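Take a look at the structure below.
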Amino acid sequence: MKKLIATFILLGLCQLTSAQNVYIPDSIFKSLLLKELTVDSNNDGIGDMDADENNDGEIDQVEATKIQFLIFSGLFSDLTGIDKFVNLKKIKFPYCKVSNLNLTNYEKLESISIIFNQTKNIELNSLPALVELIDLGSAGFLETLKLTNLPKLIQINAKLIINYCYVDNLPALTLLKINQGHRCKFKNLEKLEYIQSPLIDMSLSIINLPKLKYYPIYDRLSDTLLLINSPLNSINTLNIDLRKIKYVHISGLNNITEIGIENSNIENLKCENLSKVISLTSSASKIQKLSVNNLPLINILDVAQSEINELNMDSLPSLTQLDCSYNSIKSLNASTSPLLTELKCQFNLLSDIKLDSNSNILEFNCSNNLLTNPNLFSIKHINNFDCSNNLLTVLNFHQNKNLKKLNCSYNPLIHLNTDSLINLAELVCISTHLKELSTNNLKSLSLIYVSHNDSLSIVTLDSLPKLSSVYCFGKTQLNIRNINYLISLYKEDGVLLIDNSLISTSIWDTAADSTQYIKISPGVLLRNLNKLILTNFPNKKKLYLAAPLLQFNVMDTLVLTADIGFTEIECRNLLLKDIVFESKRL
């Protein structure tokens, strides 16, 4: 009887021991656990011990529960038994042949890394601690990727080709990268990145993305991109970098606020019914046809350096900045955008531009066009105006008292009225047909560039208290009177008259007594003058003129009037032919 009881006890112990061992049918997987450094005991990313703590050739459930970090490297194909490692926090298994990976109900699992595997189907469910799923991209092609109930998962770093992808109840997920996909459902994404994705076509359906905020779109295989009626209806920023696509239609994405297009070959861009878009920018694109309709909040439109020949602004009432420069636009009606403050339309083919309701424009550049008579009457508050290189003959600024910078160069101008420009600080007037130029009221003028105006015989700058820089090249005689703040004076050819001016310390070398000695500084460039006239310096005793400073090549005549006041004159290397003093030759 005792022998029978002992036998039962022994059998019971054997059965109990067998029941405690983890069943692992894959011999390669089991061998890795028993004989290789698969356990990372200190979480440094390197395996430092095997899983068989008692060295009995088996993995029992007690040993399995002690392990938190596992690293495998082997061509096993079956993970049966991994479910007994219930306290796992990190698992990494590269180079395996597991075709179906199913991990469910691991309370502590935080990280899964799958590198260069042959896995075809991945299903992860109810992993409350999982934060990252990394290196999936090396798996290449997946038949299915199903992720559910992963409340802490933030990022899936995977550049994959996926036949079917299902993402549900991942409230923390913000980034998912996919190369290509056929059917995808994402409900809680905030940031979705597709690399070389076909996006929305017959092969990929992206629906119901109430939290999506960011979506950069990269190269595609087809030549058409349609983003219509809210498959991405919660995007805030839409960036498009496409080199193959030629037609883009964006409509009904009600939460988009910004659209950016760069380095693309898009020829036809249509944006409509985008109720929250505030900015549309495109640089270095090949857009030929642009349609923007019903964008009620857009305030920035930048389509510079494209190939657009027509721009309709009828439905852009909130626009404040427009840059359509470097295109082929022939006419422009900006009056339908009354809030415009900045308009850049230079380098087009414009012959007509309407600004009837644009009283808020502050900066206006219409240079290098075919304009003959831009109506400036309505843009009363303009500060900067560049109309150079057009066909303008007359410019009147009766209503533009706030103008501070004006460039009217390279126009066949015969009349320029500056009488009302009391705030003008910079005037650039090169190569016009002007016969006269009045500067009497330009008391705020600090810089004037008036050169190569062959019909303009004389320009007089008199009593302009803020004038500091003067540039005058060509035959026009330049008269400077009562100017005490000059820093730079450049005069080439023709006649220069200086009357009681150039006496600031910035122009004259005052190393000696400034009341006795005058020396023109390198800030003055005078070249090929026919005549230099100096008058009204009663308090100066010595005048010094020398070629290294003044850069004279030839100056025929130096004229000093009776009230000049100099008792000593020194001239060097000037190639002077005459010096005249009170009509007498010295």
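Going letter by letter, the sequence shown gives residues 383 to 968 in our numbering.
Quick reminder that beta carbons are idealized off the backbone N, C-alpha and C, glycines included.
Bear in mind the structure is a predicted one, so any value in this text is a computation, not a measurement.
In the same chain as Ile812, and ignoring 5 residues on each side of it, the C-beta atoms closer than 7 Å to its own belong to Ser791, Tyr792, Tyr831, Ser833, His834, in chain order.
Nearest C-alpha to Cys547 among Ile516, Glu505, Ala554: Glu505.
Going by DSSP, Leu672 is part of the beta strand (DSSP E) stretching over 671-675. Only residues of its own chain outside the window of five on either side were considered, and among them Asn469, Leu470, Lys471, Ala511 have a CB closer than 7 Å to the CB of Lys490, listed in chain order. Between Gln703 and Asn675, the CB-CB gap reaches or exceeds 9 Å.
In the same chain as Asn789, and ignoring 5 residues on each side of it, the C-beta atoms closer than 6 Å to its own belong to Asp768, Ser770, Val810, in chain order. In this structure, the CA atom of Lys417 is about 14 Å from the CA atom of Asp408. Contact check for Asn709 against Asn691 passes: the beta carbons are separated by less than 9 Å.
In the structure shown, the three-state DSSP call for Ile638 is coil. By DSSP's assignment, His797 forms a beta bridge with Val776. Distance from Leu819 to Leu798 at the Cβ level is roughly 6 Å; contact confirmed, criterion being Cβ atoms closer than 8 Å. By the neighbour-count criterion, in which a residue is buried when 16 or more other Cβ atoms sit within 10 angstroms of its Cβ, Thr462 is exposed. Taken through DSSP and simplified to helix, strand or coil, Phe411 comes out as helix. Taking a 10 Å sphere around the C-beta of Thr486, we find fewer than 16 other C-beta atoms and assign the residue as exposed. With a minimum length of 3 residues, the unbroken runs of beta strand (DSSP E) contained wholly in the segment 459-520 fall at 472-474, 482-486, 493-495, 503-507, 514-516. Taken atom to atom, the span from the alpha-carbon of Ser413 to that of Leu509 is near 27 Å.
Counting only runs of 3+ residues, the beta strand (DSSP E) found wholly inside the segment 727-784 occupies 734-736, 745-747, 766-768, 776-778, in chain order. Looking at the backbone, the Cα of Ala554 and that of Leu698 are separated by about 37 Å. In this model, Ile497 and Asp465 are separated by some 20 Å (Cα to Cα). With contacts defined by Cβ atoms closer than 9 Å, Asn482 and Asp442 do not form a contacting pair. Val444 counts as exposed, since fewer than 16 other beta carbons sit within 10 angstroms of its beta carbon. Taking the Cβ atoms as the reference, Asn747 lies roughly 5 Å from Lys726, within the contact range of under 8 Å. For Val444, the secondary structure class from DSSP, reduced to helix, strand or coil, is helix. Within the same chain, Cβ atoms closer than 6 Å to the Cβ of Phe467 are found at Ala446, Ile449, the five residues on either side in sequence being excluded.
Take the alpha-carbon of Cys653 and the one of Ser707: they are about 20 Å apart. In this structure Ile641 touches Ile632 by the C-beta definition: roughly 7 Å separates them, less than 8 Å. A direct Cα-to-Cα measurement between Ser423 and Glu435 gives close to 12 Å.
Beta-bridge partners of Phe454 (DSSP): none assigned. For Lys817, the closest C-alpha among the options Asn823, Pro794, Ser826 is that of Pro794.
Minimum Cα-Cα distance from Ala807 among the listed residues Ile796, His815, Ile880, Thr821 corresponds to Thr821.
Asn757 is classed as exposed because its beta carbon has fewer than 16 other beta carbons within 10 Å across all chains shown.
If you look at Ser710, you'll find it isn't in any beta strand (DSSP E); DSSP assigns it neither H nor E.
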